[in-house]
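A.B. asks: So that we are looking at the same thing, I have put the structure below in structure tokens.
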Amino acid sequence: MSKSLNIFKKPLTLHSTTPKTGYLRTGYCEVPSSDFGNHSVAAEVTEEFLDFTARQGNDLRSIDGMKAGCKWCLCASR
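Quick note, the sequence shown lines up with residues 266 to 343 if you use the numbering used here.
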């Protein structure tokens, strides 16, 4: 369980385990000190988003189980 807090100062809740998300692949969109990209944005991805990220050189479909409707922790710096 994550000890990180969300923007409402409440404990983070598990975002996804299929596929396992988060910078540390814990399922939480927490931001450890080693995460310089800040993977703190919890989202449910769409086909359009997956197409867009692939065009930008970040093909999330290469992650086992990734498809539209999956929950994913996005990199805030992108």
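Ideal Cβ placement from N, Cα and C applies to all residues, glycine included. Note that the structure is predicted; figures quoted are calculated from it, not measured.
Return the Cβ separation of glycine 292 and serine 281 in integer angstroms, given the expectation that the two are a contact with Cβ distance under 8 Å.
C.D. replies: Confirmed, Cβ separation roughly 6 Å.
A.B. asks: Helix, strand or coil for glutamate 402 per DSSP?
C.D. replies: The structure shown has nothing for residue 402, since the chain only spans 266 to 343.
A.B. asks: Where in the region 293-340 do unbroken runs of the alpha helix (DSSP H), each at least 4 residues long, occur, reported from the N-terminal end onward?
C.D. replies: As far as the region 293-340 is concerned, its whole alpha helix (DSSP H) runs of at least 4 residues are 312-320.
A.B. asks: By DSSP's criteria, leucine 270 is part of a beta bridge. Which residues make up the other side?
C.D. replies: Partner(s): Pro276.
A.B. asks: Helix, strand or coil: which one does DSSP assign to threonine 286?
C.D. replies: In this structure, threonine 286 counts as coil in the three-state DSSP scheme.
A.B. asks: Going by Cα to Cα distance, which pick from Arg343, Ser305, Tyr288 and His304 is closest to glutamine 321?
C.D. replies: Measuring from the Cα of glutamine 321, the nearest candidate turns out to be Arg343.
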